[in-house]
Structures are given as C-alpha cells and as structure tokens.
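Participant:
Numbering (our numbering), first residue to last: 19 to 201.
This is the structure in structure tokens:
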C-alpha cells in the first residue's frame, strides 16, 4: 500500500513538473518569408530553373518537330520499312534522353535548393534554440508542415509564439548566410 501511494505521489510530482514546462510554437515558413536571404535564394533558384528550362525546351521542340516530320513521312509512304524502324528507334531514344534530362534537372534543383537553404535553416535552428533558452522554453513546436498543413490546431495562452523573436535574432546575427549562393 505504501509503495502504491509513493508511486502515485511520484507520478503526480512528475505530472506537475511537466505541466509547468513552457511550450513555444514557431512557424518556420513565416521566418523564411521574412528573411532577405530567402528572397536571394529564390531569385537564384529561378535563374537556375530558367537556364535549365531553356535547354530542355529547345531539345523538346526539336524532338516534337522530328516526330511530326516522321509522322508526315510515314503517312505519305516516303520511308522504307527499315528506315521507319530506324527512325522510330532514334525518336524513342531521344524521348528517353528527354525523360532522363528532366529527372536529372529535378534532382539538380533539389540539390541546389538544399545547398542554398541549408545554411539558412541551420542559422534558424541556432536562433530558435537561443530564443527558446532566453525565454526558458522546454519545448518548441512547429506550427505547420513544410506543405503548410497545420500541426498545431490549438494552443493555450501558455504557449509562446517565438516566430518574430527568431526572425529578429536571425536579422541581428552577425553571420549572414551567403555560402553557396554565388556558385
């Protein structure tokens, strides 16, 4: 009986201590939206996409023209069976190359985005930890997923939104993130 009372008392003390913990919430997307570095990253990514897209579109246009010419030649009976088969193989190969190029472009874009954003995200983590420590928070919860879907549906008045404090901390930091932005 004494052990039961003792374990209940310890559980109550544990719950009381946990209930007194301070919880903070933060919206990383909002933090990123307010940083000038993020705008520079977005401009660099747009330029990266534009350069790659121009190359892809030129190759795609050539492929479409070749397919159209091939279809017209087949319809008019201008190609032998062997020539038709060879042209089909060539066009299929070009189509495969286009698909591979598109996949490579997506991978390159993800890598470039990570290369440019990772230093900013690392600074955000440091700023968040510093603000949480200054405000004596034991836990910081993300308000939303990367897709913008809410994670936190309700917060009491005890939860502290540190989003603006993190932005201020990052803007006042003497370590702006320019790594990888000029590559």
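We put the beta carbon where it would ideally sit given N, CA and C, even for glycine.
Every value quoted in this text rests on a predicted model; they were computed, and no experiment measured them.
1) As a quick exercise: from 189, 191, 100 and 155, pick the residue whose alpha carbon is nearest that of residue 44.
2) Do the stretch 41-59 and the stretch 177-189 meet, that is, are 3 or more Cβ pairs less than 8 Å apart?
3) From residue 98 to residue 83, what does the alpha carbon distance come to, in whole angstroms?
4) Using the C-alpha atoms, what's the distance from residue 139 back to residue 203?
5) When the Cα of residue 148 is compared with those of 132, 51, 187 and 49, which residue comes out closest?
6) Is the distance from the Cβ of residue 109 to the Cβ of residue 85 below 8 Å?
7) For residue 64, which option in 128, 151 and 102 has the closest C-alpha, if you only look at C-alpha atoms?
8) Closer than 8 Å, CB to CB, is residue 184 near chain D or not?
9) Does residue 117 pass the burial test, meaning 16 or more other C-beta atoms within 10 Å, or should it be called exposed?
10) With burial defined as no fewer than 16 other Cβ atoms inside 10 Å of the residue's Cβ, what is the status of residue 55: buried or exposed?
11) Suppose contacts are defined by Cβ-Cβ distances below 8 Å. Is residue 158 in contact with residue 150 by that definition?
12) Taking DSSP as the reference, what is the three-state secondary structure of residue 129?
13) Are residue 112 and residue 74 close, meaning C-beta to C-beta below 8 Å?
Facilitator: In this structure, then:
1) Mapped onto the chain shown, residue 44 falls at position 26. Looking at the Cα atoms, 155 is the closest of the given residues.
2) yes
3) Within the chain shown, residue 98 is the residue found at index 80, counting from 1. Within the chain shown, residue 83 is the residue found at index 65, counting from 1. Each residue's Cα considered, the two are about 20 Å apart.
4) Given a span of 19 to 201 for the chain in the structure shown, any question on residue 203 remains unanswerable.
5) Your numbering for residue 148 matches position 130 in the chain shown. Ranking the options by Cα distance to residue 148, first place goes to 187.
6) Mapped onto the chain shown, residue 109 falls at position 91. Mapped onto the chain shown, residue 85 falls at position 67. Yes, they are a contact pair.
7) Walking along the chain shown from the start, residue 64 turns up at place 46. The shortest Cα separation from residue 64 among 128, 151 and 102 belongs to 128.
8) Note that chain D does not occur in the displayed structure, where there is just one protein chain.
9) The count along the chain shown starts at 1 and reaches residue 117 at position 99. It is exposed - the Cβ of residue 117 has fewer than 16 other Cβ atoms within 10 Å.
10) The residue given as residue 55 occupies position 37 in the chain shown. Buried, by the Cβ-count rule.
11) As a working note, residue 158 is residue 140 in the chain shown. As a working note, residue 150 is residue 132 in the chain shown. The answer is yes: Cβ separation under 8 Å.
12) Along the chain shown, read from residue 1 onward, the residue named residue 129 stands at position 111. If DSSP states are grouped into helix, strand and coil, residue 129 belongs with the helices.
13) The sequence position of residue 112 within the chain shown is 94, counting from 1. The sequence position of residue 74 within the chain shown is 56, counting from 1. Result no, Cβ atoms of residue 112 and residue 74 do not sit closer than 8 Å.
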